[in-house]
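Numbering of the sequence shown is given in the numbering used here, commencing with residue 6 and proceeding in unit increments. No residue lacks a Cβ here, since even glycine has one placed at the ideal position from N, Cα and C. This report concerns only the one structure given below.
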Amino acid sequence: MLVFSPSMLCFPGKPWFSESIPFLPRELERLIFEFAAREDKHVACTLTLVARRTQIWIEPILYRNVMLTSSFDEAFDTASQFLDTIYARPASFFARHVKSLFIKACLSSPQVDVEEILSVCTGLESFGYSSPFRAPELVPYLNDLPSLTRLAIPFHVLHEAGETLEWSLPLFRSITHLEMPHLQARSLPPPGFLPKLEYLLVNDLAQPSTAQTLLSQRSSLKALAFVNDEYGFDERTLSKMTESLNQDPRFVVVKNASWTRETWGHDQLKAERAWAAIEEKVGFQRKKS
């Protein structure tokens, strides 16, 4: 085991304590700055101002997880601010460094140029979009994200009214985690589609038998999480559903109407922790069964 000690930083012929500016090996200096940046985003922003080299080290950490909100108040319109940044930097910077992106739009906020953002953030592994608007025009951009494995998006966003969602689209081929509020029971992906899907979260199962059908069709599914919001089942129906599915520990009820906001928060860590909690509950239920 390597135990760090200040003496490790001494050099032959030079005393450890000196009134001169302390010197750290560049590799150790970078590790310290990166650790501090990951611990606190506000600290990270400050560290980019220390020196040009720290800016180069820290900016990839700052841009790894991006959460944007659209607002008529310029102070809170982070979506427009991010677009300004896109125009000021080469597209390769965002393709290389932005790995997780969440965009929130409301009825009372201006439309976000999501296509412009997706056109440069081509290295995304996670993408979340919360919007009351239909936006099937996003599909070609999502199809061009080869590393995308996590998707959180309302069902209505990706398809035109009255049409079914095409589960054969390239964007679904590598998805392992899918959070799709308002996914209708009649539109659930048939067997054979989403071949890598391991975690599915929905808030509309129509009836308890829908969950049983979904679980029986997908043996590779590790967890089916059902968000029972204010428009969901009453406690009696929910209790019966849970009892009928007790033989399958992969079914988990999430009593949280704001799942997307809670899991994405300000960075991907909250999503990781939320799914970890789901996995833990599945593991507990497996031991009981």
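Name the DSSP bridge partner or partners of residue i?
i	result
Y134	I108
A42	For A42, which the question treats as bridged, DSSP gives no partner whatsoever.
F98	Paired residue(s): none; F98 is not in a bridge.
T74	K109
F231	V207 and V258
From this set, the options, which residue's C-alpha is nearest residue i's C-alpha?
i	options	result
H102	V117, S131 and S75	S131
T169	R191, N148, M185 and A157	R191
S124	S135, A230, F99 and F107	F99
K227	S173, T181, P151 and N70	T181
S344	F87, A42, S152 and S76	For residue 344 there is no data in the structure shown, the boundaries of the chain being 6 and 294.
F77	S85, V71 and G128	S85
L188	G197, I66, P175 and L206	L206
V71	A93, L150, P196 and C126	C126
A41	L29, W62 and D118	W62
L156	V257, L199, I283 and F231	L199
S231	V287, S225, Y92 and P196	The residue you asked about is not Ser; residue 231 is Phe in the sequence shown. The shortest Cα separation from F231 among V287, S225, Y92 and P196 belongs to V287.
L150	D118, S105 and D89	S105
P65	T53, L73, T74 and F107	T53
P195	L29, N208, W172 and E203	W172
P145	S135, G128 and P175	P175
T74	E32, E34, I122 and F28	I122
Y204	V259, F81 and W280	W280
V117	R43, R278 and F87	F87
Q217	Y68, L193, S135 and E79	L193
I158	S135, L147 and F177	S135
L67	E79, R43 and D82	R43
F107	T83, E39, F289 and S97	T83
G197	F177, C50 and P30	F177
A46	R35, R69 and R57	Correcting the residue type first, residue 46 is Lys in the shown sequence and not Ala. Nearest option by C-alpha distance: R69.
V119	A96, G128 and L147	L147
L202	P95, F81 and L229	L229
C111	F81, A96 and V259	F81
Going by other Cβ atoms of all chains shown within 10 Å of its Cβ, with 16 needed for buried, is residue i buried or exposed?
i	result
G133	buried
K293	exposed
V37	Here residue 37 turns out to be Ile, not Val, going by the sequence shown. That one is exposed.
S109	It is Lys, not Ser, that sits at residue 109 in the sequence shown. Buried, since its Cβ has 16 or more Cβ neighbours within 10 Å.
P186	buried
R291	exposed
V48	exposed
E184	buried
T90	exposed
Y92	exposed
L7	Legend: pLDDT at L7 = 32, less than 50; position of this residue unreliable, value from coordinates given subsequently. So L7 counts as exposed.
L33	exposed
T59	buried
H271	Model confidence at H271 stands at a pLDDT of 43, short of 50, so the residue's coordinates are unreliable; what they give is reported in the following sentence. With fewer than 16 other Cβ atoms within 10 Å, it is exposed.
V55	exposed
L143	buried
L29	exposed
S263	Residue placement at S263 cannot be trusted, given a pLDDT of 49 that sits under 50; what the coordinates show is reported in the next sentence. With fewer than 16 other Cβ atoms within 10 Å, it is exposed.
**OP:** Output the residue ranges of the beta strand (DSSP E) runs that lie fully inside the segment 139-225 and measure 3 residues or longer, sorted by chain position.
**Re:** 155-157, 182-184 and 204-207
**OP:** Determine contact between the segment 155-167 and the segment 134-147, defined as no fewer than three beta-carbon pairs at a distance below 8 Å.
**Re:** yes
Original post:
Okay, do the segment 213-221 and the segment 251-259 touch, 3+ Cβ pairs below 8 Å being the bar?
Top reply: yes
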